[in-house]
Every structure is written in structure tokens, then in C-alpha cells.
Amino acid sequence: MRRSLKFRPLLKACFSLFRIETAESLQYRAAAIAGASIGIFWGLIEITVYTVFFLFADRNEAALSLPQVVSYCWLHQCLFGFFSMNIDSEILAKINNGDVGVELCRPLDLYFHWFSKTAGKRIGRFWWRGIITAAVALLMPAGYRLGAPDSSWVPGFCLFLISIGAAFLLCTSFGMLITAIRMGITWGEGPANMLFLLSLVLSGAYLPLQLWPDAWQGFLFFQPFAGNFDLPIRMYVGSLSPGGGAAAIGIQLTWTAVFIASGRVIMKRKLRNIIVQGG
Amino acid sequence: MKNDLKVYLKYIKMRFLSGLEYKGWWLAALNVLFTCVTDPLSTILMFARMGNVGEWSMERILLIYALAVCSFGLAETFCRGFDVFPWAMIQSGNFDRLLLRPRNLAVQVAGSVFHIHRLARVAFGLGAISWALVRMGVAVTPFSALVLVLALAGGFLTYCGVFVLSSGIAFFTIKALDWIFILTNASYQVTRVPMDYMPRLLKRAFTFVMPVLLISYYPASVVCGWGGAVWPGLMAAPVGAVFLVLSTIVWKAGVRHYKSTGS
Numbered sequence: 007m008r009r010s011l012k013f014r015p016l017l018k019a020c021f022s023l024f025r026i027e028t029a030e031s032l033q034y035r036a037a038a039i040a041g042a043s044i045g046i047f048w049g050l051i052e053i054t055v056y057t058v059f060f061l062f063a064d065r066n067e068a069a070l071s072l073p074q075v076v077s078y079c080w081l082h083q084c085l086f087g088f089f090s091m092n093i094d095s096e097i098l099a100k101i102n103n104g105d106v107g108v109e110l111c112r113p114l115d116l117y118f119h120w121f122s123k124t125a126g127k128r129i130g131r132f133w134w135r136g137i138i139t140a141a142v143a144l145l146m147p148a149g150y151r152l153g154a155p156d157s158s159w160v161p162g163f164c165l166f167l168i169s170i171g172a173a174f175l176l177c178t179s180f181g182m183l184i185t186a187i188r189m190g191i192t193w194g195e196g197p198a199n200m201l202f203l204l205s206l207v208l209s210g211a212y213l214p215l216q217l218w219p220d221a222w223q224g225f226l227f228f229q230p231f232a233g234n235f236d237l238p239i240r241m242y243v244g245s246l247s248p249g250g251g252a253a254a255i256g257i258q259l260t261w262t263a264v265f266i267a268s269g270r271v272i273m274k275r276k277l278r279n280i281i282v283q284g285g
Numbered sequence: 487m488k489n490d491l492k493v494y495l496k497y498i499k500m501r502f503l504s505g506l507e508y509k510g511w512w513l514a515a516l517n518v519l520f521t522c523v524t525d526p527l528s529t530i531l532m533f534a535r536m537g538n539v540g541e542w543s544m545e546r547i548l549l550i551y552a553l554a555v556c557s558f559g560l561a562e563t564f565c566r567g568f569d570v571f572p573w574a575m576i577q578s579g580n581f582d583r584l585l586l587r588p589r590n591l592a593v594q595v596a597g598s599v600f601h602i603h604r605l606a607r608v609a610f611g612l613g614a615i616s617w618a619l620v621r622m623g624v625a626v627t628p629f630s631a632l633v634l635v636l637a638l639a640g641g642f643l644t645y646c647g648v649f650v651l652s653s654g655i656a657f658f659t660i661k662a663l664d665w666i667f668i669l670t671n672a673s674y675q676v677t678r679v680p681m682d683y684m685p686r687l688l689k690r691a692f693t694f695v696m697p698v699l700l701i702s703y704y705p706a707s708v709v710c711g712w713g714g715a716v717w718p719g720l721m722a723a724p725v726g727a728v729f730l731v732l733s734t735i736v737w738k739a740g741v742r743h744y745k746s747t748g749s
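If you're matching them up, the sequences are chains A and B in order.
Letter by letter, the first sequence follows residues 7 to 285 of the working numbering.
Letter by letter, the second sequence follows residues 487 to 749 of the working numbering.
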């Protein structure tokens, strides 16, 4: 079965879905405040740990300075709304209870349909959480404050904004790839969870990637998950050479394309012999 | 009391056996283990890059951290029903059914969920504690073994208390309970900060409000002889018990306040 993929109506439909989901998820302000408060607490602990290391450790051999790491922690908390450790709950319910069958009746490409919905939800979640966290981070006392963007190179900040957009697409397309993989697996959430966790670890959420062992830096720069948080934040704190900015965005977009293409292929294959559960 | 224990053990046995019916249970255990192993990754890599912080080595921090994680894992294994209570029982309205049964409420809730894969966190904790003790060359005397056991028991009670507390509060707020994360998974992150350099506010909050440091740092300090008085190291079990009792008061007030939710 091959549905003709008309570009303009598809784009319009997907954009509407995206808008609906964004508007809806922006309603959950209490959840955003709760999310932000956890993020802020987490950020404060992380910053405390790094401060102790930078001030009192035996060796101070880091590619980043302490203010850069502090800014890194806050920006990571701000951007964290893009990322999700789970498949979208609504979509997962559809996979589990057999509503995929209903979804297939719609004259709309399933992959982009779900992509727009997932994207809308993530934007909504990111928005309030990010703004609250950033506001609090800017009001912190001196040693804990989110620093200004690296001033030595103004285009860096513009690239940072573009890179955030690319990071958003990257996170969403990876989420969709896992969704496609999850469609066929009947043995639970284990594999999906592990893939999400791997992407989280390699995105610099646990430790800025530039503080990982020096020997791994080449791999860490080019692997897909650096683009989730680490590469955009490098542009903000100025730990990336000017030429590196464009390369970083190129890496983000390349991996986004890879994830979208493989997600679509896998989903198409899974749909070919899908077993609709339930009734 | 004896009857309650019997009911609880029966519940756990039943859930355990039904859990084993899923072929993927070992995968879930692997998943939890993977989470535990990656969690202290940043600490390990920072020590590898920057070296020790004064007297503080990676083994020290890992010992303290593992004590807290292991206690948390124990509570998560044997008291999971309270952990998921706000979602599984209150928001869904399932709690009404428990009220109809002529058995102890707390036992029914605690036994309502049991995930065998949660034991992976306990296994990781015990492994990390032993590894750290061996690496630091600490001889384990009967006394220090007792201190460790009391620390884990106290930690178990404390984290059970956190779950019971959040369940009690859920009766009043129904939703918006995500902040409880600060007392669960986020609380043991505090143990990654070397004690001598910890900001005073953090130290006080996690000693006197939520006693994470009393179940991790102080017992570890006694076992390894890092100086300081011995008695705070023995406080874990009594303080954990007090914390659990106080939480139970909130829980009981919640049960009295409850007027059914959901559909």
C-alpha cells in the first residue's frame, strides 16, 4: 500500500496538529512550575559539585572554566523540556490498545502525523519550564548565576538560537525513531528505555561532554546525541571555535535526517505486517 | 500485627510470581541496573579528570552515595505501593476498593505493587559499598558491620517515610506531586558533594529535615574512621523510624480527609 504524499496538504495538516498540541500543552502551567522547580534544585546541586571540584581539586585541567560550567548547567535545565525519556503517552496508548488501526484510516502520513503531535507537546513543555528556569538562573547570587553569552563572537549567539531549533528537531526525530521501533516489540519498555537513557548520557546531561576524557572528544563531538544539548550550549558559553558552529549545526541536521529516514523506513515495515491488538 | 505481616508477605509473593510471568522481567532488571551504573558516571569522570578533592577520593564519595542509593532501592522494592500511590490509587479512584476490605490499609497499599527488577538498585548499591570498602582497605569489624546494617535499615525507613508522606499529601492535592522527586531520586544526589565543602543550608536541610546524610555520610564516617563523634553514625535507624512515624501521621490525616476521587 502506497499512499500518495501530497506535500502542501500534508504540511498544512501537520502544522495544524502541531498548533493544537502546542496550545494544549501550554495550559499545564502547574506541571511546568513543578518541572522547573525540580530542574532548579538539580541545577543547584550540580553547580555545587562542580564548584567544589574546580576550587579544591588536585588538578584543574578542564577545557571549560567554572563560569562556563555553571552556565552549562542552567542552559541544560532550560532546554531539558525538548527531551523526553518516554514515548508520547497518547501514542503509546494507541500502540498498546490497537488504535493504530484507527490512525491508519486517516488520509495522512502516520509518521508526520505523530511527529507533529510529539513536537507540539514538547514545545509546550519546554516553553514555561525553560522561561521559569532561565529567569531564576539569572537572579541567582554571583557564583550560581547564568552567565551572559560569550561576547567575543556575536554571531555565536545567533548560531546558538539556530542550533536550539535543530536540537529540538533532533530530539523529536529520535523520539519518533524509538516510537517506530516500539511499534513491533511486544516485550515491554526495556529496550526503548535503554536507548533513551543512552541518548541522555551521551547528550551531556550528566557531565558536559568537554569534561569527558580527552581521548573520546572526537567521537563525542560527532555522535548524534551531542546535538541534543551539548553543541548548542557550547555556542552560548563560547567553547566552540567560530568555524565549529556551522559544522555543529550540520552534524545536528544530518543526524536529524538520518533519524527521520530510518524512523520512516522502520515504521513502514512495521505497518506492513502490523497486528492490531484489542478490539 | 502477625496477621498483617502474613497478608503483606502473601501479597508480595503473589506479585513476585505474577511478575515472573513476563518474559522480559530480566530486561527490566538490566534496565534499572543500567540506570544505576550511569548515574554516578559524572562523579567518576570528574575524579578521573581533576583528581582528589583534599581528602576526598572517588571511593569515599561512592561509598556514601551507594549507602543512600541502596536504602532507596530497598524502600522502592518493598514499599513500591506507596511510591506509585498518588497515581495508581488516588488519581484513578482505586483506593476506594481497598477501604472496603477488612485488612490493614497500609499493608494493602505497600503490597499493591512489587517489581522484582527494582532489586537491581539494591544489588548495585551493595556491590558499590563492598567495592569502595575494599578499595579503601577498611577492615570490617562486627561493630562497623552493625553500623552499616543499621544505616541501611534507617535508610529503608526514611525512604519508606518519603513515599508514605507523598501518599499522605496526595490526599489533599490529588495532582501536582512532581516536586516529591526532590525527596526521592534527587535527594541522594546530595551525597555527591564532599561533606567538608557542602553549603551549610544544604547540610542542614538534608540532616534535620530529610535525614539523607544521617543514613549515608555519618555511618560511612564511623566505619572508615574519618574522625568526628561516633554517635551520629548510629542515629540512622532511630531517625529513620521517627521520620516514618511522622509521615504516617500525615498519611492517617489524609485517609481521614479522603472523600473519594476518580470514577
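For each residue, glycine too, the CB sits at the ideal point set by N, CA and C.
Note that the coordinates shown come from a computational prediction; the quantities given were computed from them, not determined experimentally.
Closer than 8 Å at the beta carbon, the chain A residues around residue i
i, result
"B/Val679", "Ile51, Thr54, Val55, Val58"
"B/Val676", "Ile51"
"B/Gly647", "What B/Gly647 touches in chain A: nothing, since even the nearest Cβ is about 19 Å away."
"B/Asn590", "Within chain A, no residue comes near B/Asn590; the closest Cβ sits about 32 Å away, beyond 8 Å."
Closer than 9 Å at the beta carbon, the chain B residues around residue i
i, result
"A/Ile44", "Asp664, Trp665, Phe667, Ile668, Ala672"
Within chain A, the residues that residue i reaches when beta carbons sit closer than 7 Å
i, result
"B/Tyr683", "Val58, Phe62"
"B/Leu699", "By Cβ distance, chain A contributes nothing, its closest Cβ being about 13 Å from B/Leu699, past 7 Å."
"B/Thr521", "Leu203"
"B/Leu643", "Per Cβ cutoff of 7 Å: no residues; B/Leu643 is ~23 Å from chain A at best."
"B/Asn489", "Within 7 Å Cβ-Cβ: nothing; B/Asn489 doesn't reach chain A, min ~35 Å."
"B/Asn517", "Gly196, Asn199, Met200"
Best match in the options for proximity to residue i [C-alpha to C-alpha]
i, options, result
"A/Ser90", "A/Thr178, A/Ile239, A/His119", "A/Thr178"
"B/Val620", "B/Gly559, B/Cys710, B/Thr644, B/Val593", "B/Cys710"
"A/Ala42", "A/Trp80, A/Ala69, A/Leu72", "A/Trp80"
"B/Leu751", "B/Ala514, B/Ile547, B/Tyr645", "This structure cannot speak to residue 751 of chain B, because chain B is shown only from 487 to 749."
"A/Val173", "A/Gly149, A/Met189, A/Met241", "Note that residue 173 of chain A is Ala in the sequence shown, not Val. Of the candidates A/Gly149, A/Met189, A/Met241, the one whose C-alpha sits nearest the C-alpha of A/Ala173 is A/Met241."
"B/Phe564", "B/Leu730, B/Phe642, B/Phe667", "B/Phe642"
"B/Ala691", "B/Ser543, B/Ala574, B/Leu669", "B/Leu669"
"A/Met299", "A/Arg275, A/Ile46, A/Leu116, A/Gln223", "With chain A represented from 7 up to 285, any question about residue 299 of chain A goes unanswered, as that position is not in the structure."
"A/Ala186", "A/Met200, A/Pro238, A/Leu259, A/Lys274", "A/Lys274"
"B/Ala561", "B/His743, B/Leu730, B/Trp737, B/Gly740", "B/Leu730"
"A/Val207", "A/Asn234, A/Phe88, A/Glu52, A/Gly181", "A/Asn234"
"A/Leu32", "A/Phe265, A/Phe132, A/Ala141", "A/Phe132"
"A/Phe180", "A/Pro214, A/Trp48, A/Arg270, A/Phe13", "A/Arg270"
"A/Ser169", "A/Ala148, A/Leu152, A/Ile239, A/Val142", "A/Ile239"
"B/Lys496", "B/Met622, B/Asp569, B/Arg589", "B/Arg589"
"B/Ala596", "B/Val708, B/Phe568, B/Ala639", "B/Phe568"
"A/Tyr150", "A/Leu237, A/Ala19, A/Gly49", "A/Gly49"
"B/Tyr703", "B/Arg686, B/Ala722, B/Thr747", "B/Ala722"
Within chain B, partners of residue i - CB distance below 8 Å
i, result
"A/Leu213", "Leu527, Ser528, Leu531, Met532"
"A/Val207", "Thr524, Leu527"
Beta-carbon neighbours of residue i, restricted to chain A and to distances below 9 Å
i, result
"B/Ala514", "Gly194, Glu195, Gly196, Asn199"
"B/Arg535", "Phe59, Ala63, Arg65, Glu67, Ala68, Leu217, Trp218, Pro219, Asp220"
"B/Leu688", "Leu50, Ile51, Thr54"
Beta carbon proximity, residue i to chain E, threshold 8 Å
i, result
"A/Thr124", "As a matter of chain content, chain E is missing from the structure shown, whose protein chains are A and B."
With contact counted as at least three CB pairs below 8 Å, one residue from each stretch, are the region 589-607 of chain B and the region 490-504 of chain B in contact? Cβ pair count under 8 Å is three or more, so yes.
Every unbroken alpha helix (DSSP H) within the region 232-260 of chain A, with a cutoff of 4 residues, ordered by chain: Within the region 232-260 of chain A, the complete alpha helix (DSSP H) runs of at least 4 residues are 236-243.
Evaluate the contact criterion for the region 16-33 of chain A versus the region 125-136 of chain A: three or more CB pairs, one atom per stretch, below 8 Å. In short, these stretches touch, since the Cβ pair count reaches three.
In chain order, which continuous runs of the alpha helix (DSSP H) of length 4 or greater are located wholly inside the region 569-624 of chain B? For the region 569-624 of chain B, the continuous alpha helix (DSSP H) assignments of 4+ residues that do not extend past its boundaries occur at 581-586, 591-596, 605-621, in sequence order.
Can at least three beta-carbon pairs, one atom from the region 93-100 of chain A and one from the region 66-78 of chain A, be found at a separation below 8 Å? No, the region 93-100 of chain A is not in contact with the region 66-78 of chain A.
Residue ranges of each alpha helix (DSSP H) within the region 169-214 of chain A, 4 or longer: Counting only runs of 4 or more, we get 196-208.
Any C-beta of chain B within less than 9 Å: which residues of the region 16-47 of chain A qualify? If the cut-off is 9 Å between Cβ atoms, the region 16-47 of chain A has Ala36, Ala37, Ile39, Ala40, Gly41, Ser43, Ile44, Phe47 near chain B.
Residues from the region 537-548 of chain B in contact with chain A, defined by Cβ distance under 7 Å: Residues passing the 7 Å Cβ filter: Gly537, Asn538, Val539, Gly540.
The region 669-681 of chain B / the region 546-559 of chain B touching (three or more Cβ pairs under 8 Å): Per the Cβ contact rule, the region 669-681 of chain B is in contact with the region 546-559 of chain B (3 or more Cβ pairs under 8 Å).
Taking 8 Å as the cut-off, does the region 693-700 of chain B touch the region 614-628 of chain B (at least 3 CB pairs, one atom from each stretch)? Flag = no, the region 614-628 of chain B and the region 693-700 of chain B do not touch.
Would you call the region 62-69 of chain A and the region 535-545 of chain B touching, i.e. three or more CB-CB distances under 8 Å? Judged by Cβ distances under 8 Å, the region 62-69 of chain A makes contact with the region 535-545 of chain B, as three or more pairs qualify.
Hey, is the region 203-221 of chain A in contact with the region 525-535 of chain B, meaning 3+ C-beta pairs nearer than 8 Å? Yes, the region 203-221 of chain A touches the region 525-535 of chain B.
Taking 8 Å as the threshold, find out whether the region 717-733 of chain B comes into contact with the region 569-585 of chain B through three or more Cβ pairs. When Cβ pairs closer than 8 Å are counted between the two stretches, the region 717-733 of chain B is seen not to touch the region 569-585 of chain B, the count staying below three.
For the region 107-116 of chain A and the region 146-165 of chain A, state whether three or more C-beta atom pairs, one from each stretch, are separated by less than 8 Å. No, they do not touch.
At 4 residues or longer, what runs of the alpha helix (DSSP H) sit wholly inside the region 672-743 of chain B? If we require 4 residues or more, the alpha helix (DSSP H) runs fully inside the region 672-743 of chain B come out as 686-690, 698-701, 703-710, 722-743.
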